[in-house]
Amino acid sequence: MTTSERIYIVGGTGTIGTVAVKELLKKGVAVTLYARSPAKAQTLFPNEPNLTVVEGDINDLKPLEESITGHTRLFLLVSDLVKFTKLKTAIAQKAYAGGVKQIVDISSFASGYPWRSSPIGIIHQEAEQNILNIPDRGAFVALRPGRFMSNILWQDIHPIKAANTIVDTQEPGHVQGWISPNDIGLTAANILQELIEKHGDSVYNLIGDVISLKDRAELLSKILGRTIVYTKATPEEQYKNFTQTIGFPHIIAFSFLNAESPYGERVTPGFSILLGRAPETLAQYLEANKKALL
769 MTTSERIYIV
779 GGTGTIGTVA
789 VKELLKKGVA
799 VTLYARSPAK
809 AQTLFPNEPN
819 LTVVEGDIND
829 LKPLEESITG
839 HTRLFLLVSD
849 LVKFTKLKTA
859 IAQKAYAGGV
869 KQIVDISSFA
879 SGYPWRSSPI
889 GIIHQEAEQN
899 ILNIPDRGAF
909 VALRPGRFMS
919 NILWQDIHPI
929 KAANTIVDTQ
939 EPGHVQGWIS
949 PNDIGLTAAN
959 ILQELIEKHG
969 DSVYNLIGDV
979 ISLKDRAELL
989 SKILGRTIVY
999 TKATPEEQYK
1009 NFTQTIGFPH
1019 IIAFSFLNAE
1029 SPYGERVTPG
1039 FSILLGRAPE
1049 TLAQYLEANK
1059 KALL
């Protein structure tokens, strides 16, 4: 990238976005952060001369529209699953109209599932397609991460604290793919600094580690210093856990209940090429965040 480029960030104060912003600032890149709370942004990124904060909400994109001109690239992460497709499409339209030449979008592995086979997949598929259909658009890179390792910190925490167990509906030897939020953020930051032509309209599935349910319980036992076992639940029991204990609405709970890739689970071949290092393992991530599980 050239030194005259500025990168616009939407979704930069969460787990993934924070990593991307910090990496860009560390490399001396000029960053504009669209944030609902400038105070939070300043706390996360204090004393950064290359950081500009624009106060705004994704439900009112006027501040974004007024400040996007002059930026060459956009990091896009939206967490509102109700207005997801509408918001991503609107932000992308305004970004391209303002001169943005590349959007790096945080999508989902479920976007690659068969058409309309998953509620989570549907909204990501529709958002990607809408952006691809924008006339005279710039490049569009979709990052499709698998299960976030950070999900364990709020999903497994309840049965771990209540009964020293983790719960799923699969057999103990069933293997699942995971991705560190740190690796998602770093991948996005790297792509945003490389030649736009290098990545074009690429799609990157991101899986950094695979582990069976039984081995995940054993890993947690080692990290926490006490025995954690795996318990196979019925779909009805897990649905109740998702809706009543965690508080998921039906659509999200049912999606998580069926969150198994039809293409199998494996570490993304060549992931280290995008990262510039080996991907973070689940063991490394949980060890670094074990206080959240105690």
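In this text, residue positions in the sequence shown follow my numbering: the first is 769, and each later residue adds one.
Idealized CB from N, CA, C, for every residue including glycine.
For residue 889, the uninterrupted alpha helix (DSSP H) run begins and ends at 887 to 900, by DSSP.
Proximity of the stretch 865 to 881 to the stretch 843 to 855 meets the contact definition, three or more beta-carbon pairs being nearer than 8 Å. The Cβ atoms of residue 987 and residue 975 lie no closer than 9 Å to each other. The beta-carbon distance between residue 908 and residue 947, rounded to whole angstroms, is 21 Å. This is too long to meet the 8 Å contact definition. Here the alpha carbon of residue 990 sits roughly 13 Å from the alpha carbon of residue 1053.
By the neighbour-count definition (other C-beta atoms within 10 Å, threshold 16), residue 1033 is a buried residue.
Sequence-distant Cβ neighbours of residue 914 in its own chain, meaning closer than 6 Å and more than five residues away, are 877, 945, 947 and 975.
Residue 992 and residue 981 have their C-alpha atoms roughly 16 Å apart.
A buried status is given to residue 956, since no fewer than 16 other beta-carbon atoms sit within 10 Å of its beta-carbon. Ranked by Cα distance from residue 905, the first of 936, 780 and 840 is 840.
Taking C-beta atoms under 8 Å as the contact rule, residue 1013 and residue 926 qualify, at a distance of about 5 Å.
For residue 822, the enclosing beta strand (DSSP E) has its first and last residue at 819 to 823. Under the criterion of beta carbons closer than 8 Å, residue 875 and residue 1023 do not qualify as touching, at roughly 15 Å. Apart from sequence neighbours up to five positions away, the residues of its chain that approach residue 1007 with a beta-carbon distance below 8 Å are 1021, 1022 and 1025, ordered along the chain. Collapsing the DSSP output to three states places residue 953 in a helix.
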